[in-house]
Amino acid sequence: MHELPELYLYRAMLAERYAGARITAWNFHDKLVDGDGMEEVIGSTVWYVERRANHLVFHLDIGKRLVLYMSNKSYLFSGAPDDHGCQNAMLTIGFGDDRTLAIYGLNKGDVQLLSVKAVEEQLRGYGLDPLDKGFNGDMLRKRLSKKRSSMKAALMDQKTIAGIGAVYSDEIMFAAGIRPDMRANSLSAELWERLYRAIVSVLQEAISHGGITKQPMHDQDSLSGGYAERLQVYGREGEACKRCGGTVSKVLASGRKAYACLSCQLEQ
Ligand SMILES: [Zn+2]
147 MHELPELYLY
157 RAMLAERYAG
167 ARITAWNFHD
177 KLVDGDGMEE
187 VIGSTVWYVE
197 RRANHLVFHL
207 DIGKRLVLYM
217 SNKSYLFSGA
227 PDDHGCQNAM
237 LTIGFGDDRT
247 LAIYGLNKGD
257 VQLLSVKAVE
267 EQLRGYGLDP
277 LDKGFNGDML
287 RKRLSKKRSS
297 MKAALMDQKT
307 IAGIGAVYSD
317 EIMFAAGIRP
327 DMRANSLSAE
337 LWERLYRAIV
347 SVLQEAISHG
357 GITKQPMHDQ
367 DSLSGGYAER
377 LQVYGREGEA
387 CKRCGGTVSK
397 VLASGRKAYA
407 CLSCQLEQ
């Protein structure tokens, strides 16, 4: 799945370019994406685009929602219909003669046209959004502090907190100075507060530097992927820690691999 910063940036682009726009064409790659029965989106207007966990939800004026699940293989490109970046997409959505949204890397079932009620039922199981105004350190501690799993697994549990995956969980724990294999139920109150602040600051900084997906969202996009070179630990096994000069290691946390600097991150 794409993690929160990437979804945030996609949503911002979609809201800026397509809010208020009318869908005039709908073409899907019939071998790869099941888009049958969704032609009723043609003629509808996008009112609003929402980010919900790992989904982008288009609110349409026909009383339905177009729901796009963003796996880590999918990406979007916004351009003119004849732009190179809009060719061979699995789904293209036309907005008049000059604007196309091309969606790549979709699997069957990743695109759905649902009633408002069905969207709520389907996405009800996801946890808190860490950028929600109501999210705070206390809430984080209450939700995670009884878990016996590693901190890495606890942070990646989409039913508890939505939008943090393999990459940002490692970066967050590095920023907080907490080992990924530490058990969630062993953190002190002070560490929960530090973890909360790290979640918010890492996600916001990733957003401000374009996230880690290097695939451009449109022809003028020079921001996307800018955070990839700022990663402190993820994917950097054997390289020098940018903070202390020690070595970044790979550790196992509840069976998941995680990257950490064991000098900067606390012992269990
Ligand atoms: Zn270090």
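So the sequence shown is numbered by my numbering: it starts at 147 and just counts up by one.
We put the beta carbon where it would ideally sit given N, CA and C, even for glycine.
Short of 6 Å from the beta carbon of Phe204, and not among the five residues preceding or following it, lie these beta carbons of its own chain, in chain order: Val192, Val195 and Leu212. Listed as beta-bridge partners of Leu214 by DSSP are Leu202 and Val257.
Ser291 and Gly357 have their alpha carbons spaced roughly 28 Å apart.
Ranking Arg287, Ile324 and Glu317 by CA distance to the CA of Thr306 puts Arg287 first. Per the coordinates, the alpha-carbon of Ala321 lies some 15 Å from the alpha-carbon of Ala312.
When DSSP assignments are scanned along the segment 311–340, the uninterrupted stretches of alpha helix (DSSP H) that are 4 or more residues long and fall wholly within it turn out to be 312–322. C-alpha of Gln361 to C-alpha of His148: approximately 13 Å in a straight line. Here Ala308 carries a coil assignment [DSSP, helix/strand/coil]. In the three-state reduction of the DSSP assignment, Lys263 falls in the helix class. For Arg287, the enclosing alpha helix (DSSP H) has its first and last residue at Gly283 to Leu290. Taking a cut-off of 5 Å from the heavy atoms of ligand 1, the residues with a C-beta inside it are Cys387, Arg389, Cys390, Gly392, Cys407, Ser409 and Cys410. The DSSP-derived three-state label of Glu185 is helix. An exposed status is given to Arg376, since fewer than 16 other beta-carbon atoms sit within 10 Å of its beta-carbon. Distance from the CA atom of Gly283 to the CA atom of Glu339, rounded to whole angstroms, is 5 Å.
Under the 10 Å beta carbon count, Asn234 is surrounded by fewer than 16 other beta carbons and is classified as exposed. Met363 is positioned such that its CB atom lies no closer than 8 Å to that of Ser354.
Cβ atoms of Arg343 and Ala406 stay farther apart than 8 Å, at about 18 Å. Where Arg376 is concerned, there is no enclosing beta strand (DSSP E), because DSSP gives it neither an H nor an E. Contact between Met236 and Phe174 is confirmed by a C-beta separation of about 7 Å, below the 8 Å threshold. For Ala374 and Ile169, the gap between their C-alpha atoms comes out near 34 Å. Counted as a single uninterrupted DSSP element, the beta strand (DSSP E) harbouring Ala248 occupies residues Arg245 to Tyr250.
The shortest C-alpha to C-alpha distance from Ile345 to any of Ser368, Met297, Ala264 and Ala171 is the one to Met297. Contact between the segment 178–187 and the segment 253–270 is present: three or more C-beta pairs spanning the two stretches fall below 8 Å.
According to the DSSP secondary-structure assignment, Cys407 is paired through a beta bridge with Val394.
Per DSSP, the beta bridge partners of Arg402 are Ala399.
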